[in-house]
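Following: one structure in structure tokens, then a few remarks.
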Amino acid sequence: MIEILSPAEIDRARVTGGLVGDILASIKERCQVGTNLLEIDQWAKDMILGAGATSCYVDYAPSFGSGPFGHYICTGVNDAVLHGMPRDTVLVDGDLLTLDLAIVHKGVAADAAISFIVGQRRNPEDLRMIETTERALAAAIAVAAPGARIGDLSAAIGDVLSEAGYLINTEFGGHGIGSTMHQDPHVANDGQRGRGYQLRPGLMLAIEPWVMADTNELVTDPVDGWTLRSATGCRTAHTEHTIAITETGAEILTLPTTTVQSL
Numbered sequence: 001m002i003e004i005l006s007p008a009e010i011d012r013a014r015v016t017g018g019l020v021g022d023i024l025a026s027i028k029e030r031c032q033v034g035t036n037l038l039e040i041d042q043w044a045k046d047m048i049l050g051a052g053a054t055s056c057y058v059d060y061a062p063s064f065g066s067g068p069f070g071h072y073i074c075t076g077v078n079d080a081v082l083h084g085m086p087r088d089t090v091l092v093d094g095d096l097l098t099l100d101l102a103i104v105h106k107g108v109a110a111d112a113a114i115s116f117i118v119g120q121r122r123n124p125e126d127l128r129m130i131e132t133t134e135r136a137l138a139a140a141i142a143v144a145a146p147g148a149r150i151g152d153l154s155a156a157i158g159d160v161l162s163e164a165g166y167l168i169n170t171e172f173g174g175h176g177i178g179s180t181m182h183q184d185p186h187v188a189n190d191g192q193r194g195r196g197y198q199l200r201p202g203l204m205l206a207i208e209p210w211v212m213a214d215t216n217e218l219v220t221d222p223v224d225g226w227t228l229r230s231a232t233g234c235r236t237a238h239t240e241h242t243i244a245i246t247e248t249g250a251e252i253l254t255l256p257t258t259t260v261q262s263l
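So in the UniProt record's numbering, spot 118 of the sequence shown is number 118, and the numbers just go up one at a time.
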């Protein structure tokens, strides 16, 4: 299903997106060496429910997962790049943490992810990998406008990732979003320009470049049946925003607002 949202629905999406951005920013500020991943999940739960929103993850049970996800946020540490299930584990200095959050508020969903280093030990390659996913996301957003095609966005992402020397997995990527979290069209992290669905005002997309340092192969964590890890155990990074296609281009909906401190 591909949804084209009305101006009133896009207005509501701005509120949902701002809430996602604020929650992620608030949690990032609170994360430190010794923070437990289950604490992060509780923080997310408190802020989501406190805002009158609903988690997209708690009852999420697609065919590739092991039953309902059962948590409020994805927490991927180091080699865990997607669907990181919170567990009783504490962060240590130098961990590369990815937070991925999707919620519904007043009938409209928004989805975003950030990657960052915990503590003071900062590996230059980790920082380069995070920055590359951020540049790839910016490149896709720059070409997102009415008349562009999904392949244009995918190619923009792929150019940045491949030029930086990363192998690209196209099995998981971005997606349409609206009244529900995952919709068509699929936005692969590599593709051909001029191909795919043509963008139009009112379309919302969650665009999410992600990479692994030395592989494009994923393995599923055998313990939780959800967390997707790099097949080689290498570090990973993931950046995501929800955007709305406007008459003239694209609007990023999941940037933090000035209300972070009040959450």
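Here a beta-carbon is modelled for each residue, glycine too, at the ideal position from N, C-alpha and C. This structure is a prediction, so every number in the text was calculated from the model and none was measured.
- Rounded to whole angstroms, the gap between the alpha carbons of A109 and A138 is 21 Å.
- The Cβ atoms of A80 and W210 lie no closer than 9 Å to each other.
- Of I245, T242, T232 and V223, the smallest CA-CA separation from D88 is found for V223.
- L255 and V219 have their C-alpha atoms some 31 Å from each other.
- Taking a C-beta distance under 9 Å as the contact criterion, E125 and A231 do not qualify as a contact pair.
- If only complete runs of 3 or more residues are kept, the region 37 to 89 shows the beta strand (DSSP E) at 74 to 77 and 80 to 82, in order along the chain.
- Counting C-beta pairs with one atom in each stretch, the region 3 to 13 and the region 51 to 68 have fewer than three that are closer than 8 Å, which means they do not touch.
- The shortest C-alpha to C-alpha distance from E163 to any of C31, M129 and I245 is the one to M129.
- With respect to the 9 Å criterion, D93 and Q120 are classified as neighbours on the basis of their beta carbons.
- Counting only runs of 3+ residues, the beta strand (DSSP E) found wholly inside the region 185 to 256 occupies 204 to 207, 210 to 212, 218 to 220, 228 to 230, 236 to 238, 241 to 245 and 250 to 252, in chain order.
- Counting along the chain, the unbroken alpha helix (DSSP H) around I23 starts and ends at P7 to R30.
- As DSSP reads the structure, T98 sits in a beta bridge with G76 and S115.
- Restricting attention to alpha helix (DSSP H) runs no shorter than 4 residues, the region 145 to 169 encloses them at 150 to 163, ordered along the chain.
- Residue environment: G174 is assigned as buried (16 or more neighbouring CB atoms within 10 Å of its CB, all protein chains considered).
- A110 has I103 as its beta-bridge partners, per DSSP.
- Contact annotation: G151 and Q192 have beta-carbon atoms nearer than 9 Å.
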